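Student: Residue 78 is where the sequence shown starts when you use our numbering, and the numbers rise one by one after that.
We put the CB at the ideal spot given by N, CA and C, even for glycine.
If you're wondering where the values come from, they're calculated on a predicted model, not measured in any experiment.
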Amino acid sequence: ELGLLGLVDYVFLTHLHGDHVSGLPMLLWLYALRGRERKLTLVGPRGEVDRIWTLLEALRSPIDRVRRFLEVEEIDEGEEVGPVEAVHANHGVKALAYRVSTENGDLCYSGDTAPSESVRDLARGCRILVHEATYPPGREEEAACVGHSTPLQAAEVAEEAGVEVLVLIHLPYFYFNCEGFLSDFKSAAMSAFRGRVVILEKDPQVLYT
């Protein structure tokens, strides 16, 4: 009945800002109501992830039921959980980027970050880099000051890392109705990256290539 959600055994958090964890309590509630007993491991930055219990309590979640299946595992830079390796991202709070090793090539996920040598080095040898682009082109200095990136900065990281595909995420929602928004972001990235640029935003079923 849960479809793909029923296959999930690990959840990796990059950091605990609301736009990255707000859906987690409802997911855990759903599992609890469906009587989940199989272990679910929640992985994230050391000293941060255990706070999820405070959030669940504040939302009056069925904590006793959640504790039956949820296990929290906190990690730091250089540590691994199975095929997943973590490094620090540059976001002003404890935040991680992840590299996932697969038979079909490796993928690096930046999470929220300003341009980061750690993320670049983590992405070396990966086939795909999934990198945030929260700020529009031309606002590179402003983005870096608050721990975010523009599409140009994401593309520079991708080019230096030598990946094949750059996937831009975490685009600013308030630009979605602006004419030329997606093409501007893609053009900025293509000006600095020789590989393929993909934008997955607005409609998760649509691939902008």
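Put Tyr212 into one of helix, strand or coil per three-state DSSP.
Tutor: Residue state, collapsed to three classes: coil.
Student: Buried or exposed: Phe251, going by 16 or more other Cβ atoms within 10 Å of its Cβ?
Tutor: Result: exposed.
Student: By DSSP, does Phe89 sit in helix, in strand, or in coil?
Tutor: Strand at Phe89.
Student: According to DSSP, simplified to helix, strand and coil, what is Arg273?
Tutor: Strand.
Student: For Arg201, which beta-bridge partners are listed by DSSP?
Tutor: Bridge partners of Arg201: none, in fact.
Student: Would you check if the distance between the CB atom of Ser226 and the CB atom of Ala210 is smaller than 7 Å?
Tutor: Yes, these two residues count as a Cβ contact at 7 Å.
Student: Would you say Pro160 and Val177 are within 7 Å of each other, going by their C-beta atoms?
Tutor: Yes, the Cβ-Cβ distance between Pro160 and Val177 is below 7 Å.
Student: When you compare each of Cys203, Leu81 and Glu157 to Glu236 by their alpha carbons, which one comes out closest?
Tutor: Of the listed residues, the one whose Cα sits closest to Glu236 is Cys203.
Student: By alpha-carbon positions, which one of Leu90, Leu147, His97 and Gly112 ends up nearest to Arg123?
Tutor: For the residues Leu90, Leu147, His97 and Gly112, the minimum Cα distance to Arg123 belongs to Leu90.
Student: What's the gap between the Cα of His94 and the Cα of Gly239?
Tutor: Each residue's alpha carbon lies about 30 Å from the other.
Student: For Ser193, is the classification buried or exposed, using 16 other Cβ atoms within 10 angstroms of its Cβ as the cut-off for buried?
Tutor: Counting Cβ neighbours within 10 Å, Ser193 comes out buried, since at least 16 surround it.
Student: What is the residue span of the beta strand (DSSP E) that Thr131 lies within?
Tutor: No beta strand (DSSP E) contains Thr131, which is instead part of the alpha helix (DSSP H) from Ile129 to Ala135.
Student: Between which residues of its own chain and Leu136 is the CB-CB distance below 7 Å, once the five residues before and five after are set aside?
Tutor: Cβ neighbours of Leu136 beyond the five flanking positions: Pro102.
Student: Assuming Leu259 and Ile276 make a contact with CB atoms under 8 Å, what is their CB distance in whole Å?
Tutor: Their Cβ separation, rounded to whole angstroms, is 6 Å, which keeps Leu259 and Ile276 in contact under 8 Å.
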